[in-house]
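The structure appears below as structure tokens.
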Amino acid sequence: MRTDVVVVGLGAFGSAALWRLAARGVNVVGIERQAIGHPLGSSHGTTRLFRVACMEHPGLTAIARKSLELWTELGERTGETYVRQTGSLNVGAPDSRPVSGALRAATEAGAPTTDLSHHELKARYPQYGGLAAGDVAVLDPGAGICFAEPIVRAHVTEARRLGAEVYEHTMVTEIEQRADEVIVRTPTAEFHADQVIVCAGAWLGSLYPELPLTPRRTPMFWFAPKDPDSEAFRLANFPSFIWELADGRGLWGHGSDDGFGVKVGLEGDTSHVTGFAADDLDRSIRPIEDIAELAAAVAHAFPGLDPAPVQVIPCMVTDSPDGQFLAGRYGDRVVVAGGDSGHGFKHCGGLGELLAQIAMKETPYTDASFIDPHRFGPSVP
Ligand SMILES: Cc1cc2nc3c(=O)[nH]c(=O)nc-3n(C[C@H](O)[C@H](O)[C@H](O)COP(=O)(O)OP(=O)(O)OC[C@H]3O[C@@H](n4cnc5c(N)ncnc54)[C@H](O)[C@@H]3O)c2cc1C
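Note that the UniProt record's numbering has the sequence shown beginning at 1, numbered continuously upward.
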């Protein structure tokens with residue numbers, strides 16, 4: 001089959017690229033190894049945190065804003081809500097990464113924020129039982145949560161409506177870049193295209209082993225309030241947060257609402273496993289290694305939550321050496337996007353637009369040099 005662009009992998013990044021290409025009227029084919037919205041990669045589960053004053057890099061603010069703009073437009077068409085802007089708290093010591101990083105984004109990217117003193121934080125959010133004496137917060141008012149699986153499905157549905165062809169349960173086994181075309185091979189068909197955008201998530205390293213990508217096992221956990229009638233952990237009262245604890249570990253999550261529960265995760269703990277191929281992810285849940293440390297952190301941080309999780313689902317992120325994505329041109333006919341490093345979902349709409357612009361050789365809407373896939377070395381296939 002001949003087409004203009006093939007998108008390989010239709011999780012968060014690839015589904016968005018497919019949609020943005022179809023929205024331009026480009027002839028585009030999407031190929032996904034599993035079913036759309038499957039739970040075996042990195043984009044399943046109902047929600048992800050959405051932040052604008054991004055602590056990871058000020059350049060991410062423009063990409064998050066583009067996601068919001070595109071998802072708002074899409075929601076107006078479909079009648080769905082893809083982002084709930086309840087605000088988000090960046091909590092920790094004044095020099096902690098969430099607090100200083102959000103302020104840096106506020107200064108350098110113009111993301112408005114509000115400072116909360118220790119006293120204001122405690123008074124407004126009494127759920128935070130385990131604050132250290134010096135903890136303060138930066139409120140990111142444009143932040144909140146976004147709806148992960150519904151967004152991936154909506155990207156693909158919209159792309160199909162606009163003319164994209166989608167092949168599910170089809171695995172790309174080889175990508176051959178030639179001078180005049182790129183050939184994408186599956187066990188049953190060959191696709192000849194001008195450009196390919198490869199968004200294979202934790203499997204990107206099996207197609208491009210020279211990329212410095214490390215899949216990391218990261219289960220998702222949900223908790224319930226001890227008092228089932230309590231309103232304290234409803235989303236409106238307990239918005240999304242990232243909290244650097246006094247010992248350097250990071251706690252993150254958001255409150256519950258109809259259709260989803262209180263989500264809390266822990267970064268920097270001892271349960272995270274790396275050094276496996278994505279197909280070999282251990283999908284069992286280990287009661288001690290996975291749960292004990294997080295449950296203790298939850299008990300200390302939020303005494304109103306029952307520290308025994310009510311739901312656990314395996315997931316994985318793909319780390320890069322500097323904690324930023326690898327997204328951009330990777331050959332005359334190849335564009336890649338991966339290495340989400342655990343904070344990619346909120347950016348996928350905006351990243352999809354950027355990937356479409358790069359593939360179509362348009363001027364990108366923002367400077368993407370900080371996520372250039374070549375920044376760790378010049379290895380172009
Ligand atoms: C526990 C957890 C919490 C997170 N929290 C947040 C958060 O709060 N906020 C946030 O912004 N981000 C968060 N993230 C990160 C976010 O979910 C990821 O950045 C995002 O889902 C990555 O999407 P992706 O498209 O790179 O990968 P995926 O969604 O996994 O997509 C890759 C796709 O490629 C397909 N594929 C692979 N190989 C092939 C092949 N050879 N042929 C065809 N198809 C192929 C796979 O089947 C898969 O569908 C979190 C992640 C986890 C795990």
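Note that beta-carbon positions come from the ideal geometry of N, C-alpha and C, so glycine has one too.
Since this is a predicted model, take the numbers as computed values, not measurements.
May I ask you to report which of helix, strand or coil DSSP gives residue 369?
Looking up residue 369 in the sequence shown gives position 369. Note: residue 369 maps to helix in three-state DSSP.
To the nearest angstrom, how far is the alpha carbon of residue 146 from that of residue 50?
By one-based count along the sequence shown, residue 146 stands at place 146. By one-based count along the sequence shown, residue 50 stands at place 50. Spanning the two alpha carbons is a distance of roughly 6 angstroms.
Under the criterion of a Cβ to heavy atom distance below 6 angstroms, does residue 42 qualify as lining ligand 1?
In the sequence shown, residue 42 corresponds to position 42, counting from 1. Yes, Cβ of residue 42 sits closer than 6 angstroms to a heavy atom of ligand 1.
At the level of alpha carbons, what is the spacing between residue 66 and residue 20?
Residue mapping note: residue 66 aligns to position 66 of the sequence shown, counting from 1. Residue mapping note: residue 20 aligns to position 20 of the sequence shown, counting from 1. Roughly 12 angstroms separates the two Cα atoms.
By Cβ distance below 6 angstroms, which residues in the same chain neighbour residue 7 in space, the five residues on each side in sequence not counted?
Taking the first residue of the sequence shown as 1, we reach residue 7 at position 7. Once the five neighbours on either side are set aside, the close Cβ partners of residue 7 are 14, 17, 18, 30, 197.
Quick one, which of 337, 108, 144, 289 has its alpha-carbon nearest residue 207's?
Here the question's residue 207 lines up with position 207 in the sequence shown. Selected option, being the one with the closest Cα: 337.
Under the rule that 16 or more other beta-carbon atoms within 10 Å means buried, what is residue 86, buried or exposed?
Looking up residue 86 in the sequence shown gives position 86. Burial of residue 86 is indicated by the presence of at least 16 other C-beta atoms within 10 angstroms of its C-beta.
I believe residue 113 touches residue 64 by the beta-carbon criterion, under 8 angstroms. Please report the beta-carbon distance rounded to the nearest angstrom.
Numbered from 1 along the sequence shown, position 113 holds the residue referred to as residue 113. Numbered from 1 along the sequence shown, position 64 holds the residue referred to as residue 64. 14 angstroms between Cβ atoms; not a contact.
Where do the ends of the alpha helix (DSSP H) carrying residue 13 lie?
Sequence index remark: in the sequence shown, residue 13 carries index 13 (1-based). Residue 13 -> alpha helix (DSSP H) spans 12-23.
Could you please give the first and the last residue of the uninterrupted beta strand (DSSP E) stretch that includes residue 197?
By one-based count along the sequence shown, residue 197 stands at place 197. Counting along the chain, the beta strand (DSSP E) containing residue 197 begins and ends at 195-198.
State the start and end residues of the unbroken alpha helix (DSSP H) segment that holds residue 205.
Residue mapping note: residue 205 aligns to position 205 of the sequence shown, counting from 1. Where residue 205 is concerned, the enclosing alpha helix (DSSP H) stretches over 204-207.
Given a threshold of 16 other Cβ atoms within 10 Å of its Cβ, counted over all protein chains shown, does residue 25 qualify as buried or as exposed?
Here residue 25 corresponds to residue number 25 of the sequence shown, with the count starting at 1. Result: exposed.
Locate the alpha helix (DSSP H) running through residue 347, then write down its first and last residues.
Counting from one through the sequence shown, the residue named residue 347 turns up at place 347. First-last for residue 347: undefined, no H or E at that position.
Residue 171 versus residue 32 - alpha carbon distance:
Your numbering for residue 171 matches position 171 in the sequence shown. Your numbering for residue 32 matches position 32 in the sequence shown. If I take the Cα positions, the gap works out to 7 angstroms.
How long is the line joining the alpha carbons of residue 252 and residue 28, rounded to whole angstroms?
Position 252 of the sequence shown, counted from the first residue, corresponds to residue 252. Position 28 of the sequence shown, counted from the first residue, corresponds to residue 28. So the two alpha carbons sit approximately 37 angstroms from each other.
Alpha carbon to alpha carbon, how far is residue 210 from residue 4? Give it in angstroms, no decimals.
By 1-based counting over the sequence shown, the position of residue 4 is 4. By 1-based counting over the sequence shown, the position of residue 210 is 210. Distance between the alpha carbons of residue 4 and residue 210: 26 angstroms.
Mind checking which residues open and close the alpha helix (DSSP H) that includes residue 169?
As a working mapping, residue 169 is identified with position 169 in the sequence shown. Going by DSSP, residue 169 is part of no alpha helix (DSSP H) at all; its letter is neither H nor E.
State the CB to CB distance for the pair residue 340 and residue 317, rounded to an integer number of angstroms; the pair is presumed to be in contact (CB under 8 angstroms).
For the purposes of this step, residue 340 is identified with residue 340 of the sequence shown, where counting begins at 1. For the purposes of this step, residue 317 is identified with residue 317 of the sequence shown, where counting begins at 1. Going by Cβ atoms, the distance from residue 340 to residue 317 rounds to 6 angstroms, so yes, they are a contact pair.
For residue 86, is the beta carbon positioned less than 6 angstroms from some heavy atom of ligand 1?
Start at 1 with the first residue of the sequence shown, and residue 86 comes out as number 86. Not under cutoff, so the answer is no.
Whole runs of the beta strand (DSSP E) within the stretch 135-192, excluding any shorter than 3 residues
Entirely contained in the stretch 135-192, the beta strand (DSSP E) runs reaching 3 residues are, in chain order, 136-140, 144-147, 165-167, 174-177, 182-185.
Is it the case that the CB of residue 243 approaches a heavy atom of ligand 1 more closely than 6 angstroms?
Within the sequence shown, residue 243 is the residue found at index 243, counting from 1. No; taking the cut-off as 6 angstroms, the Cβ of residue 243 has no heavy atom of ligand 1 nearer than that.
Quick one: what does DSSP say residue 357 is sitting in, helix, strand or coil?
Sequence index remark: in the sequence shown, residue 357 carries index 357 (1-based). Note: residue 357 maps to helix in three-state DSSP.
Segments of 3+ residues assigned as beta strand (DSSP E) that fall wholly inside the stretch 39-100
Within the stretch 39-100, the complete beta strand (DSSP E) runs of at least 3 residues fall at 47-50, 88-92.
Measure the CB-CB distance between residue 216 and residue 319 and report whether it falls below 7 angstroms.
If you number the sequence shown from 1, residue 216 lands on position 216. If you number the sequence shown from 1, residue 319 lands on position 319. Contact flag set, yes.
Would DSSP call residue 254 helix, strand or coil?
Translated into the one-based positions of the sequence shown, residue 254 becomes position 254. If DSSP states are grouped into helix, strand and coil, residue 254 belongs with the strands.
Neighbourhood of residue 381 by C-beta, 8 angstroms cutoff - its chain only, sequence neighbours within 5 removed:
By one-based count along the sequence shown, residue 381 stands at place 381. With a pLDDT of 49 at residue 381, under the threshold of 50, the modelled position of this residue cannot be trusted; read the value that follows with caution. 177, 208, 210, 330, 331, 334.
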